[in-house]
Every structure is written in structure tokens, then in C-alpha cells.
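**Q** Sequential numbering from 465 applies to the sequence shown in this note's numbering. We put the beta carbon where it would ideally sit given N, CA and C, even for glycine. A quick note: this is a predicted structure, and the numbers were derived from the prediction, not measured. Here it is: the structure, laid out below.
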Amino acid sequence: MAKSAKVERPTKKVEYELRFASVPAKRGWTDLQATIRNSLVDTWDFLTKTPRATTPTNYRLRGELGVVKRDGSTHERWQHKPTLKGDARIWFYVADQVVYLEQVHTRHPNETK
465 MAKSAKVERP TKKVEYELRF ASVPAKRGWT DLQATIRNSL VDTWDFLTKT PRATTPTNYR
525 LRGELGVVKR DGSTHERWQH KPTLKGDARI WFYVADQVVY LEQVHTRHPN ETK
């Protein structure tokens, strides 16, 4: 038998789908998988179920950083911290039932310091 293909986790109809909005976001996600895998699994669960919930680790960015324009539409930009004490940050926006991972930072981004 040839190498078997991985079975991707399906989403429920009420859940959100995650997609990369940029190549750097995909690279950052891969880097985080290598360093904080368990926390990233929790992040996946959170973002597919409640991406717009405001919590100490998930909130809208403010000012100029709080808005992102894509394909002629304006969206609220959110920030998610995969760990409460770590520096990693994920910037995303939501359109319909899709969470677009726009930027995935392995360290605290300078823009929000």
C-alpha cells in the first residue's frame, strides 16, 4: 500500500473553517506547530467554534490595526494568543463561516507593543 493520506478534521455546520490568508501565515503556523503544538490544537478548537468571542487571549485589535481590507470588503481584525504567557500572536479576520489567518507571529509583533 502506498503512503496513506491524512484524514483532515471535518467541521460541523455551525463551526468555522480555517484558511490561510497569506504564505507567511502558513509558515508561522508551521513554526508554532513545532513549538507549541498542544496550545495550537486548543487554538484550532477555539477559532473554529468561537472566533468572535472576546476573552483575555482573543480580542479585536484597535485603531488602524483593527481593520483589514480584502477583496473590496472591510473586516474587523482580531488577535489570538495561543498561550496566556507566551509571545505568539495570530491575527485573523472572519468572513461568513471562514476564519482567515492573516498573520501568525511566533513572537510578539512590534506593531502591538
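Work out the CA separation of V532 and T538 for me, nearest whole Å.
**A** If I take the Cα positions, the gap works out to 6 Å.
**Q** If you check the beta carbons only, do L565 and Q543 fall under 8 Å apart?
**A** Taking 8 Å as the Cβ cut-off, L565 and Q543 do not qualify as a contacting pair.
**Q** Just to confirm the assignment, what range does the beta strand (DSSP E) spanning L565 have?
**A** Residues V562 to H569.
**Q** Hey, could you find the ends of the alpha helix (DSSP H) R491 is sitting in?
**A** Unbroken alpha helix (DSSP H) run through R491: V487 to T499.
**Q** Can you give the Cα-Cα distance for T547 and S468, rounded to whole angstroms?
**A** Answer to the nearest angstrom: the Cα atoms are 33 Å apart.
**Q** Give me whichever residues DSSP pairs with L511 in a beta bridge.
**A** Bridge partners of L511: none, in fact.
**Q** For T518 and K545, what's the separation of their Cα atoms in angstroms?
**A** Cα to Cα, T518 sits roughly 12 Å from K545.
**Q** Would you mind stating whether L482 and T514 have Cβ atoms separated by less than 8 Å?
**A** The answer is no: Cβ separation not under 8 Å.
**Q** For V568 versus L496, is the C-beta spacing smaller than 8 Å?
**A** In this structure, L496 lies closer than 8 Å to V568 by Cβ.
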